[in-house]
Amino acid sequence: MKGLRKGVVLLTILVVIIINVLSTECRNPVLHRVGGGRFSWNPKSNLTDWSIHEQFYVGDWLYFGFDKRIYNVLEVNEMSYENC
Ligand SMILES: *[C@@H]1O[C@H](CO)[C@@H](O)[C@H](O)[C@H]1NC(C)=O
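With mature numbering (1 follows the signal peptide of the UniProt record, and there is no 0) applied, the sequence shown corresponds to residues -26 to -1, 1 to 58, in that order.
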């Protein structure tokens, strides 16, 4: 009886370890649409509120989707950024 109980405890620990390994190490990369929707990377989005409900892991993708009819993206150097 004691041996059986020990076996059950060991098996339970093993299952918990396997589930942890499967759910973290072998997780497929996830695409996160920044802001939550297709064009939701914009000044109106509350990104703090959005990020609270997201879990990020190494290897995940971040998609910055914006409506190019309304917004644009410029690459600037540090000086241009400071003077902006
Ligand atoms: C954005 O969301 C956070 C967390 O829910 C909240 O504390 C904050 O007040 C919100 N900001 C705006 C501008 O609504």
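C-beta atoms are modelled at their ideal positions from N, C-alpha and C, and glycine is treated no differently.
Predicted, not measured: the structure shown is a model, and the values here were computed from it.
- Residue nearest to D23 within the set V8, L36, L48, R1 is V8 (criterion: CA-CA distance).
- Contact between F30 and W15 is ruled out by a C-beta separation of about 16 Å, above the 8 Å threshold.
- Between L36 and H6, the beta carbon gap of about 5 Å places them in contact (Cβ cut-off 8 Å).
- Cα atoms of V32 and C58: separation of roughly 32 Å, rounded to the nearest angstrom.
- The C-alpha of H27 lies about 44 Å from the C-alpha of G(-24).
- Cβ contact annotation for F40 (same chain, cutoff 7 Å, sequence separation greater than five): F13, W15, N16, in chain order.
- Of all residues, those with a beta-carbon under 7 Å from at least one heavy atom of ligand 1 are N20, T22, D23, I26, reported in chain order.
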